[in-house]
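What follows is a single structure, written as structure tokens, with notes after it.
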Ligand code: GTQ
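Residue numbers (the numbering used here): 95 to 440.
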């Protein structure tokens, strides 16, 4: 008789195990130790034209002050209600209306903002303000005080956070009161002046911290990406991809989250690539199709897509201008913890 049949017959034994808060590994071994990642998240695209009107309506129903953060969470259809976009990451679309402020707070969770619509909105990090223009990347690393303010027009950005990771470790702390320490160093443009040109101050130097540079303007990264594309051929699996880095150590832009920009020229479809990290893509310019494990998802400017761990991804430019995508993933964690794997199909 097979082990499992013998066990199945013995209901009394199983009942005793449950009462004693133990369970048989052999029931679940194949689910716990899988040959390849088995993400619960599904590939999915949120069309901006679908979600943006819901966010505008939210703007009529609740103020930024009341909500603390006026955000519609992108709930992955495979894990609805878990508040996750991939198995380990969170995504949301945040709206700040003219004249509003999303109040200052800080938390363990690291956050990035990828700006979708803005005319002069701002975020401040430890008191230092930056202007947010469309397709800028703005970071609020772990435990930094941050607040957001609206300007001339409604402002919408994509929030990317490591909320599920912090939740799994039950490591979350937050402070909301107004006891923000005065930061005399918080002069607009200070971190860009100190770190923005491949130079760094020789004092106050700690390799082991999050990036001091927290604003990566679209005007700067899009120029680098275009110049890179003019100098080297597109990679068959990645097109042209550049990673945003921490200028102190060259590593991922935050300790838990990596961020990238990718360009694929008209007529190109990349070859299938799998990575152990779960990723979120946002359209910047052009139009294309993400083929995820063979299923097709159309993406254009401001659309957001979830690509779960180990899904085979091909990026096809279906238009006649370059397809540019921003992405973030939990690769930073995978690399630090020794989990990172990638597979390139021919
Ligand atoms: O802007 O600080 O989407 O704390 C979720 C949690 C945004 C924020 C989110 C947050 C924020």
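Here a beta-carbon is modelled for each residue, glycine too, at the ideal position from N, C-alpha and C. This structure is a prediction, so every number in the text was calculated from the model and none was measured.
Beta-bridge pairing of residue i - partner residues as DSSP gives them
i           : result
residue 354 : 337 and 421
residue 267 : Looking at the DSSP assignment, residue 267 forms no beta bridge with any residue, so it has no partner.
residue 274 : BP columns for residue 274 are empty, so no partner.
residue 216 : 225 and 243
residue 392 : 383
residue 250 : 189 and 211
residue 201 : 268
residue 182 : DSSP, once it has assigned bridges, lists no residue as partnering residue 182.
residue 437 : 368
residue 329 : 333
residue 140 : 398
residue 145 : According to DSSP, residue 145 bridges with nothing at all.
residue 409 : 384
residue 375 : 399 and 421
residue 310 : 231
residue 161 : Beta-bridge pairing links residue 161 to no other residue.
residue 196 : 242
residue 363 : 410
residue 156 : Answer by DSSP bridge pairing: none, since residue 156 is not bridged.
residue 282 : In the DSSP output, where bridge partners are listed per residue, residue 282 has none listed.
Cβ distance (whole Å) where residue i is taken to contact residue j below 8 Å
i           : j           : result
residue 217 : residue 242 : 5 Å
residue 372 : residue 182 : 6 Å
residue 359 : residue 307 : Not quite, the Cβ-Cβ distance comes to about 29 Å (not below 8 Å), so this is no contact.
residue 347 : residue 305 : 6 Å
residue 165 : residue 187 : 7 Å
residue 212 : residue 226 : 5 Å
residue 146 : residue 250 : 7 Å
residue 440 : residue 317 : The pair is not a contact, with the Cβ atoms about 33 Å apart (cut-off 8 Å).
CB contact check: residue i to chain C, cutoff 7 Å
i           : result
residue 134 : Looking at the structure shown, chain C is missing, and only one protein chain is on hand.
Residue i beta carbon near ligand 1 (any heavy atom closer than 6 Å)
i           : result
residue 163 : yes
residue 186 : yes
residue 253 : yes
Candidates the options: closest to residue i by CA position
i           : options               : result
residue 322 : 289, 357, 341 and 353 : 357
residue 324 : 296, 129, 416 and 214 : 416
residue 408 : 401, 363 and 391      : 363
residue 161 : 148, 189 and 134      : 189
residue 60  : 353, 411, 435 and 412 : In this structure the chain extends from 95 to 440, so residue 60 is not present and cannot be described.
residue 433 : 370, 388 and 439      : 370
residue 144 : 154, 159 and 396      : 396
residue 254 : 430, 410, 337 and 209 : 209
residue 412 : 391, 431 and 401      : 391
residue 233 : 244, 219 and 435      : 219
residue 258 : 338, 289 and 176      : 176
residue 193 : 119, 244, 326 and 240 : 244
residue 221 : 141, 104, 115 and 276 : 276
residue 502 : 333, 344, 388 and 293 : No statement about residue 502 is possible, as the shown extent of the chain runs from 95 to 440 and does not include it.
residue 237 : 303, 343 and 128      : 303
residue 230 : 239, 114, 315 and 267 : 315
residue 429 : 265, 345 and 386      : 345
residue 121 : 114, 113, 108 and 129 : 108
residue 435 : 114, 283 and 129      : 129
Beta-carbon proximity of residue i to residue j, cut-off 7 Å
i           : j           : result
residue 139 : residue 406 : no
residue 179 : residue 168 : yes
residue 377 : residue 355 : no
residue 171 : residue 136 : yes
residue 309 : residue 418 : no
residue 350 : residue 426 : yes
residue 134 : residue 173 : yes
residue 198 : residue 281 : no
residue 331 : residue 367 : yes
residue 215 : residue 158 : no
residue 269 : residue 163 : no
residue 410 : residue 382 : yes
residue 295 : residue 288 : yes
residue 131 : residue 421 : no
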